[in-house]
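When you line the sequence shown up against this note's numbering, it's residues 4 to 205, in that order.
The beta carbon of each residue, even a glycine, is placed where N, CA and C say it ideally should be.
Below: the structure, in structure tokens.
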Amino acid sequence: MAFQISHVVYAKKYLEQHPGMNADLFLLGTLLPDVRRVTDEVKRKDTHVLHEELNLEFHGATAFEAGWKFHLWCDMRREDILNKHGFYSLKYTTALDSVNKLLEDELVYEKYQNWEKLRWLLNNPPEIKTGLDVAQETIGRWYAILAKYFEKKPDEKTMRAFLWKQRKLRGQIGEIIDALKKLRENKKAVEILSKVSEEILE
Ligand SMILES: [Zn+2]
Numbered sequence: 004m005a006f007q008i009s010h011v012v013y014a015k016k017y018l019e020q021h022p023g024m025n026a027d028l029f030l031l032g033t034l035l036p037d038v039r040r041v042t043d044e045v046k047r048k049d050t051h052v053l054h055e056e057l058n059l060e061f062h063g064a065t066a067f068e069a070g071w072k073f074h075l076w077c078d079m080r081r082e083d084i085l086n087k088h089g090f091y092s093l094k095y096t097t098a099l100d101s102v103n104k105l106l107e108d109e110l111v112y113e114k115y116q117n118w119e120k121l122r123w124l125l126n127n128p129p130e131i132k133t134g135l136d137v138a139q140e141t142i143g144r145w146y147a148i149l150a151k152y153f154e155k156k157p158d159e160k161t162m163r164a165f166l167w168k169q170r171k172l173r174g175q176i177g178e179i180i181d182a183l184k185k186l187r188e189n190k191k192a193v194e195i196l197s198k199v200s201e202e203i204l205e
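Spelled out as structure tokens, the structure:
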């Protein structure tokens with residue numbers, strides 16, 4: 004699993020290699036699955052466990068569906084990469100899952116340049132059929148939360164605001180921010196997290 008800035012950076016890599024793909028719909032698709040973080044209408048498995056085999060085969064899929072599947076594939080690949088580099092054997096990497104995701108988001112924010120355009124899209128998304136039992140309004144709210152989070156390179160204030168909007172993380176904000184400060188000092192952890200988006204499509 005990754006957080007949303009990282010997912011955008013991964014998608015950018017894919018889109019650079021596949022210029023024929025509709026980038027807007029692919030990005031909206033790749034940012035959808037974690038909508039479950041702001042609603043009880045769906046569980047993780049409803050948005051994340053959809054394919055018997057996870058790969059980058061998008062035949063017959065819309066650009067939106069392709070982006071969605073790409074998200075799931077990246078979640079899996081990210082764990083493989085972190086494990087390969089021994090990330091979870093480093094200090095401060097296992098206590099709270101959100102910590103390493105936030106730090107990765109902070110580290111890779113500048114690898115994507117079109118945040119303003121993407122924020123506009125998220126604030127004005129086209130109507131999309133997701134096939135999920137989630138109100139269109141919930142999806143709109145989730146995209147708007149992301150648009151806000153993408154405003155600038157995350158700092159403590161924007162991170163707190165982003166975490167606050169995810170009910171399950173709301174009670175852990177102080178703990179997460181403290182752990183993040185420690186993890187940021189771990190050079191090896193920073194090095195590995197910075198590499199995920201470089202290696203994700205290799
Ligand atoms: Zn995910």
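Nearest-angstrom Cβ-Cβ length linking residue i and residue j, presumed shorter than 8 Å
i: Gly-70; j: Leu-31; result: 7 Å
i: Val-102; j: Leu-183; result: 5 Å
i: Leu-106; j: Leu-34; result: About 20 Å separates the two Cβ atoms, so there is no contact after all.
i: Leu-121; j: Phe-153; result: 6 Å
Terminal residues of the alpha helix (DSSP H) in which residue i lies
i: Asn-103; result: 100–111
i: Tyr-13; result: 7–20
i: Phe-73; result: 66–87
i: Val-193; result: 190–202
i: Glu-178; result: 176–187
i: Tyr-152; result: 139–152
i: Glu-159; result: 159–167
i: Asn-58; result: Element bounds for Asn-58: n/a, residue is neither H nor E.
heavy atom of ligand 1 below 6 Å from residue i C-beta
i: Pro-22; result: no
i: Met-79; result: no
i: Asp-37; result: yes
i: Met-162; result: no
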